[in-house]
Amino acid sequence: MQPDLTDRKILELLQQNAQMTIKEIAAHINLSVTPVHERIRKLEKEGIIDKYVGLLNRRKLGKALIVYCNITLDKQRKESFEDFNEAIVKMSEVLECSIVSGNFDYMLKIVVEDAEAYNQFYQHKLSALKSVLHISSYFVISEIKYTTAISVV
Numbered sequence: 001m002q003p004d005l006t007d008r009k010i011l012e013l014l015q016q017n018a019q020m021t022i023k024e025i026a027a028h029i030n031l032s033v034t035p036v037h038e039r040i041r042k043l044e045k046e047g048i049i050d051k052y053v054g055l056l057n058r059r060k061l062g063k064a065l066i067v068y069c070n071i072t073l074d075k076q077r078k079e080s081f082e083d084f085n086e087a088i089v090k091m092s093e094v095l096e097c098s099i100v101s102g103n104f105d106y107m108l109k110i111v112v113e114d115a116e117a118y119n120q121f122y123q124h125k126l127s128a129l130k131s132v133l134h135i136s137s138y139f140v141i142s143e144i145k146y147t148t149a150i151s152v153v
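Here the sequence shown is numbered in full-length UniProt numbering, starting from 1 and rising by one per residue.
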């Protein structure tokens, strides 16, 4: 299914505020409530709307430090990738983990309280993984843009 222009407008509105009511969405796009509700259900059923979440202010929760890590595994074998993937999924500090091309295997986005918390995470969790050969860490000084919105219009 390819979303049409009306679906895309709905998606834009939901990305801005997932708590927006169907009635409010309908008013913004000049449709009645029933077709908007049907369109949203269809977008959910098709998996275009994956889930609804609340975005938290990490600083107010004491998670001030963002660290990006490049990870190189010791062996380029299926078992190494599976073991690493399984371990990373369980680490709450890791917000994102992607397999990438280039000079390293993975890129991680990690959020922790401070440098000491990252040091503990690094020593006791990340470097403790048997499949990890090399870790390069990059500390975020300032965020220029932060969004989860995907352009759909």
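For each residue, glycine too, the CB sits at the ideal point set by N, CA and C. None of these values were measured; they are calculated from a predicted model.
If distances are taken between C-alpha atoms only, which option among the options comes closest to residue i?
i, options, result
"K23", "N17, Q16 and T34", "T34"
"S136", "L108, E44 and D114", "L108"
"Y68", "L95, H28, I150 and S131", "L95"
"I150", "M1, L14 and I29", "L14"
"L65", "E82, K145, V152 and I141", "I141"
"F104", "L126, A18, M91 and Q76", "Q76"
"F84", "Q2, L126, I144 and T21", "L126"
"D4", "I71, N57, K42 and K78", "K42"
Should residue i and residue j be called a contact, given that it needs their Cβ atoms to be closer than 8 Å?
i, j, result
"D7", "R39", "yes"
"I36", "I48", "Going by the sequence as given, residue 36 is Val instead of Ile. It is not a contact, given that the beta carbons lie outside the stated cut-off."
"V112", "Y106", "no"
"L129", "A87", "yes"
"T148", "L55", "yes"
Could you tell me how far apart the beta carbons of residue i and residue j are, in whole angstroms, since I believe they sit closer than 8 Å?
i, j, result
"E93", "F121", "5 Å"
"V152", "L11", "5 Å"
"M1", "E46", "5 Å"
Could you tell me the distance, in whole angstroms, from the CA atom of residue i to the CA atom of residue j?
i, j, result
"H134", "K63", "25 Å"
"S131", "E116", "24 Å"
"E82", "V89", "11 Å"
"residue 156", "N17", "Coverage of the chain is limited to positions 1 through 153, which leaves residue 156 absent and any answer about it impossible."
"H28", "D50", "22 Å"
"residue 168", "D74", "In the structure as shown, the chain begins at 1 and stops at 153. Residue 168 is therefore absent and cannot be evaluated."
Query raised in the report: Which ranges would you report for the alpha helix (DSSP H) in the stretch 45–89 if only whole runs of at least 4 residues count?
Result: 78–89, all fully within the stretch 45–89.
Query raised in the report: Quick one: complete beta strand (DSSP E) runs, 3+ long, within the stretch 103–128?
Result: Those beta strand (DSSP E) runs which fall completely within the stretch 103–128 and span 3+ residues are 106–112.
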